[in-house]
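Asker:
Residue numbers (our numbering): 5 to 260.
Okay, here's the thing in structure tokens:
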């Protein structure tokens, strides 16, 4: 609103014109004050802004090219400097002893931590040690004939299965045939005599042989002394029986 001219007469119009001019004047003053306050606040904020960067060792190490507000500490003195756009200005001094102590402790802890390379080297060494121990044990086992018994041969054929041990013992087993019990033998009945040939022969006598009939109504037994290569087997029953039942046999003795 334009300024109103004040006349010489003291009347209602004159007083209203004075009041209107005062109102406009106060508005203008307030607007100017607000603008000044905002500008000053922005300038203050710019002047006190601290943009913390990595510390330097000495004041001489402060970079010559920096952005206004950059703030760094010099480790040798513990002083803090801020770049104001033209030069570095000291703004504070910090007792860096505690920080240095913490840093030293952290560095000490880091130094004791295992690196990936070190851990891998230890793992490789442990693996090599374990493999060597296993190899040494195997060598001892297979070279100490008298103390450790191990399997040296095993197999099967049409006559059954067998296993041979390092101490010279051999075991054989089979279900080689089925038998009836139709021949009277006193008060019981027996089968025809059948011969079981061992899957592997024995080196010497005696050879121990066991036989059984796979039925609750029958039993089996050897006939005579077993030989090094075979044994003769009968199957028996209390009653005559034409049904055939499997005969299971086993033998053990020396193979060397």
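C-beta: ideal position from N, C-alpha, C; glycine also.
Tell whether a beta-carbon distance below 8 Å holds between residue 166 and residue 210.
Answerer: no
Asker: Per DSSP, what kind of secondary structure is residue 80 in: helix, strand or coil?
Answerer: coil
Asker: Pick out the complete beta strand (DSSP E) segments inside the region 182-236, 3 residues or longer, and give them in chain order.
Answerer: 187-189, 192-194, 198-201, 212-217, 222-226
Asker: Please state the DSSP three-state secondary structure of residue 129.
Answerer: Note: residue 129 maps to helix in three-state DSSP.
Asker: Which of the three DSSP states is assigned to residue 255 in this structure?
Answerer: strand
Asker: Short check: CB of residue 76 to CB of residue 54, under 8 Å?
Answerer: The Cβ-Cβ distance between residue 76 and residue 54 does not fall below 8 Å.
Asker: Between residue 214 and the rest of its own chain, which residues show a CB-CB distance below 6 Å, the 5 nearest in sequence each way excluded?
Answerer: 254
Asker: How would you write the range of the beta strand (DSSP E) that residue 159 sits in, first residue to last?
Answerer: 155-161
Asker: With a CB to CB cut of under 7 Å and the five nearest residues on each side skipped, what residues in its chain are close to residue 185?
Answerer: 193, 194, 195, 222, 239, 240, 241, 244, 245
Asker: Let me check one thing: in DSSP terms, what residues is residue 169 bridge-paired to?
Answerer: BP columns for residue 169 point to 155.
Asker: As a quick exercise: from 173, 56, 231, 59, pick the residue whose alpha carbon is nearest that of residue 156.
Answerer: 173
Asker: Roughly how many whole angstroms lie between the Cα atoms of residue 179 and residue 230?
Answerer: Whole-angstrom Cα-Cα distance: 17 Å.
Asker: Quick check: residue 216 and residue 252, are their CB atoms within less than 8 Å of each other?
Answerer: yes
Asker: What separation, rounded to the nearest whole angstrom, lies between the Cα atoms of residue 57 and residue 78?
Answerer: The alpha-carbon atoms of residue 57 and residue 78 are separated by roughly 11 Å.
Asker: Can the beta-carbon of residue 96 be found closer than 8 Å to that of residue 84?
Answerer: yes
Asker: Going by alpha carbons, who is nearest to residue 225 out of 212, 233, 232?
Answerer: Among 212, 233, 232, the Cα nearest to that of residue 225 belongs to 212.
Asker: Identify the residues that DSSP records as bridge partners of residue 179: which are they?
Answerer: Residue 179 pairs with nothing; no bridge assigned.
Asker: Quick one, are the C-beta atoms of residue 234 and residue 200 less than 8 Å apart?
Answerer: Yes, these two residues count as a Cβ contact at 8 Å.
Asker: So, with DSSP's three-state summary, where would you put residue 91?
Answerer: coil
Asker: Which partner residues of residue 74 appear in the DSSP bridge assignment?
Answerer: Answer is 55, bridged to residue 74.
Asker: Would you identify the three-state DSSP class for residue 243, choosing helix, strand or coil?
Answerer: coil
Asker: Kindly indicate which three-state DSSP category residue 116 falls into: helix, strand or coil?
Answerer: helix
Asker: Verify whether the separation of the beta carbon atoms of residue 62 and residue 80 is less than 8 Å.
Answerer: yes
Asker: For residue 128 and chain D, any beta-carbon pair shorter than 8 Å?
Answerer: The question asks about chain D, but that chain is absent: this structure has only one protein chain.
Asker: Taking residue 250 and residue 218 to be in contact with their CB atoms under 8 Å, please state how far apart those CB atoms are, rounded to whole angstroms.
Answerer: 4 Å
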